[in-house]
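Protein chains in written order, with our numbering: chain A, 1 to 175; chain B, 1001 to 1476. For glycine and all other residues, C-beta sits at the position ideal for the given N, C-alpha and C.
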Amino acid sequence: MNITFIIASFVAVLATIMAITRYNLIHALLYLVISFLSIAIVFFVLGAPFVAALEIIVYAGAIVVLIIFVIMMLNLKEESVEQERIWFSRKVILGPSILSIVLLGELIYILLSHETTALTTQAVDAKSVGLSLYGPYIIGVELSGLLLMSGVVGAYHLGRQKKKVQHRFLENQTT
Amino acid sequence: MNRSDLYSLTPLLILSSAAILNFFSISIKRNHKVIFAITVLSLIGDFIFLTSYSLYHQQHIDPLLVVDGFGIFNIGLILLTTLVVALMSYAYFEQREERKEEYYILLILAALGACIMVISKHFVSFFLGLEVLSVSLYSLIAYLRTRERSDEAGIKYLILAAFSSAFLLFGMSLIYATTGKMDFGGIGYYLTTTQDIPLIMMAGLGMLIVGAGFKLGVVPFHMWTPDVYEGAPTPVTAFIATVSKGGMIALLVRFFNAINGYQYESFTNLFTVLSIASMFVGNILALRQTNLKRILAYSSISHIGYLLVAFLSGGSMGAQATTFYLVAYFITTLGAFGIIATLSDQHRDAELIDDYRGLLWRRPLTAVAFSAMLLSLAGIPLTAGFIAKFYVITAGIGTQHWLLVFCLVVNSVIGLYYYIKIIAVMFDQKLQIKSAKELHPLVYVISSVTIAVLAVFLFWLGVSPEGMLSLIDDVI
């Protein structure tokens, strides 16, 4: 089981790095799907099959479809890829990546130096997830509802488009 | 959840119902007045309900929340601040052609998030409260879509806040990995059983401080502050400067008391560095600004630095000084931004220092009120800011934080320069005649009365702080 965990988390990290560095959005998205799937396996190995299923249904399924729609609507051309290539040049990312690798090394040292308690895996099924969500953590569920509400209201306001005016003379008349 | 739990949660229920009521009211008919009335009435009603609690009220709503005197006091502070922000928003948004109604829903939700933060005793409720606050703030900051800088400020805040949330979550998960607990009490209990903090938990707490430091805007996590303050609509800026920061401070006080963080040298050293850096960087960068909103942004960075002095003192004296400082700082900041909001015209905010040249001769009362607010920020006697700073210094000396107190005194002198500079500009006798479109007089009455009440509170707290102090003493 341990080896499954290690492989899955390694794939997740690698896929996420690939998703960030791809210039082609669809390729990046495919790597993102792989990252989600491997995280689902991590959840499964840790004894949370319900969360693993949710990860696949919600993230790898619904959210990825949403992102595809957004990509279709944005209709990005070659120029934007070129622009990104310029922004993401080797010179620009060199400094930040060296600093992050130093931090990563520190973090790995901390994690390795400390004896973590062994994981006692016991499967958490859908029923017990539901019981705790609608039992003691009901306030958390309600708060998530309010969180979504603020997101929806904000997105509605910011995303609302102005009426397009076809002709510049008409524009002068209307304003 | 039983009846007494529900009774303790009623203030939050009123807030969320107000948001939903606004929602439905928009779907029937868009009317700025109606939405404004619902918002203001529900905030006032909520505050009145809050005063029905006894000061020693203590209700644990396991596992997420605890409603105690400290929490009730802070909720009251948040509600009143939101009320003032809503009152000054009406005139501000009435003259802009954007749709105004969604603003109030987001404002109420943001206040709700802050309220959750100050009564949470568990990482889950802490994080959810923080996210409700942040997500509402993203859209509030970028609310005026016709302005370019608004978008920029919104995006900046979105990316940095999301990044700091990631730090926060990573920190929480590291702490959970060591202690196996997510509630503050459980983490505190774990710490009493070990000799010193394990390295992995230290890393987790450090990341937690990074996330909290971003929200507070302490140096070196302050980069977003001036740009967001400048780009956001002025009432929203007032909200960020007060509620968003105050909620985080209250949460830090609760968390550090629960885990007894003051006994660990590494944390006190860390906060000492943050505090000194914030004081110096904030004040020195403010010196050369010509934009009033940016000056107030840098001044807020240094004020959080002063607040950390009180926070570091720990104990009941420290908590008392922190809370009193928050109250004084809230009143002063709201007043200052309120005046900027009333002076703003249709196209831009009155944010350049030149907008204030000769204000005394054009609008004497406003200029006097603004001078009072600035003097309170500087900590001149007779204002609330003086008493607050006095208590911070007392708390600092009482716990032998000499270095911090010394830095505080030096920085108060540096800060005086740019506050006095603004006042000097207002007294300048160069007349500028600006003709702004007159709004309905009632709109001005609301804003002016709000600012007048704030000014009265400012002097009242500065002259006789005993009432507020004994109230704070009771709740802590």
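{"Item": "Backbone CA spacing between I1197(B) and L1307(B) [nearest angstrom]", "Value": "26 Å"}
{"Item": "Three-state class that DSSP yields for T174(A) in the structure shown", "Value": "Annotation note: pLDDT 47 at T174(A) (below 50); position unreliable, coordinate value reported separately. T174(A): helix per DSSP, three-state reduction."}
{"Item": "Euclidean distance between Cα positions of T1179(B) and I71(A)", "Value": "43 Å"}
{"Item": "Secondary structure of Q1059(B), DSSP reduced to three states", "Value": "strand"}
{"Item": "Distance between L1408(B) and V33(A) (C-alpha atoms, nearest Å)", "Value": "52 Å"}
{"Item": "Extent of the continuous beta strand (DSSP E) run through L1065(B)", "Value": "L1065 to V1067"}
{"Item": "Short CB-CB distance (under 8 Å) between T174(A) and chain B", "Value": "Because the pLDDT at T174(A) is just 47, under 50, the model does not fix this residue reliably, and the point stays unresolved."}
{"Item": "Residues of the region 126-144 of chain A with Cβ closer than 9 Å to any Cβ of chain B, in chain order", "Value": "P136, Y137, I138, I139, G140, E142, L143 and S144"}
{"Item": "Minimum Cβ-Cβ distance from I1200(B) to chain A less than 8 Å", "Value": "yes"}
{"Item": "Segment limits, alpha helix (DSSP H) that includes K1477(B)", "Value": "An answer regarding residue 1477(B) cannot be provided, because it is not within the stretch 1001 to 1476 covered by chain B."}
{"Item": "Cβ of V153(A) within 8 Å of any chain B Cβ", "Value": "yes"}
{"Item": "For H1122(B), the residue or residues it bridges with in DSSP", "Value": "D1183(B)"}
{"Item": "Selection of the region 42-57 of chain A by Cβ proximity to chain B, strictly under 8 Å", "Value": "none"}
{"Item": "Chain A contacts made by the region 1162-1181 of chain B, where a contact means CB separation under 8 Å", "Value": "A1177, T1178 and G1180"}
{"Item": "Sub-8 Å separation of I1331(B) and F1457(B) beta-carbons", "Value": "yes"}
{"Item": "DSSP-derived helix/strand/coil call for H157(A)", "Value": "helix"}
{"Item": "Contact list for S113(A) against chain B, beta-carbon separation under 7 Å", "Value": "L1199"}
{"Item": "Residues of its chain near V1210(B), where Cβ-Cβ distance is below 6 Å and the 5 sequence neighbours each way are ignored", "Value": "F1167"}
{"Item": "Cutoff 6 Å; reference A1250(B); Cβ partners in own chain excluding five residues on either side", "Value": "N1074 and V1118"}
{"Item": "Buried/exposed call for T174(A), threshold 16 Cβ in 10 Å", "Value": "At T174(A), the pLDDT of 47 sits below 50, so the modelled position is not reliable; the number obtained from the coordinates is stated separately. Burial call: exposed."}
{"Item": "Interfacial residues, the region 1021-1048 of chain B to chain A, with Cβ spacing under 7 Å", "Value": "none"}
{"Item": "Which residues DSSP lists as bridging N1291(B), in chain order", "Value": "L1352(B)"}
{"Item": "Where the alpha helix (DSSP H) through G1385(B) begins and ends", "Value": "A1384 to G1398"}
{"Item": "Contact under 8 Å by Cβ, S1412(B) with G1379(B)", "Value": "yes"}
{"Item": "T16(A) to T4(A) span [Cα, whole Å]", "Value": "18 Å"}
{"Item": "Beta strand (DSSP E) runs wholly inside the region 1003-1046 of chain B, at least 3 long, in chain order", "Value": "none"}
{"Item": "Chain A within 8 Å of L1469(B), Cβ atoms only", "Value": "no"}
{"Item": "Start-to-end residues for the alpha helix (DSSP H) that takes in N2(A)", "Value": "N2 to T21"}
{"Item": "Simplified DSSP assignment, three categories, for M1001(B)", "Value": "coil"}
{"Item": "G1261(B) to T1268(B) span [Cα, whole Å]", "Value": "8 Å"}
{"Item": "I1044(B) vs L1087(B) beta-carbon contact at 8 Å", "Value": "no"}
{"Item": "Distance between beta carbons of L1174(B) and M1201(B), contact taken as under 8 Å", "Value": "7 Å"}
{"Item": "Short CB-CB distance (under 8 Å) between S150(A) and chain B", "Value": "yes"}
{"Item": "Interfacial residues, the region 1241-1270 of chain B to chain A, with Cβ spacing under 8 Å", "Value": "none"}
{"Item": "Unbroken alpha helix (DSSP H) run spanning R85(A), endpoints", "Value": "E78 to W87"}
{"Item": "L147(A) at chain D interface by Cβ criterion, 8 Å", "Value": "Of the protein chains in the structure, A and B, none is chain D."}
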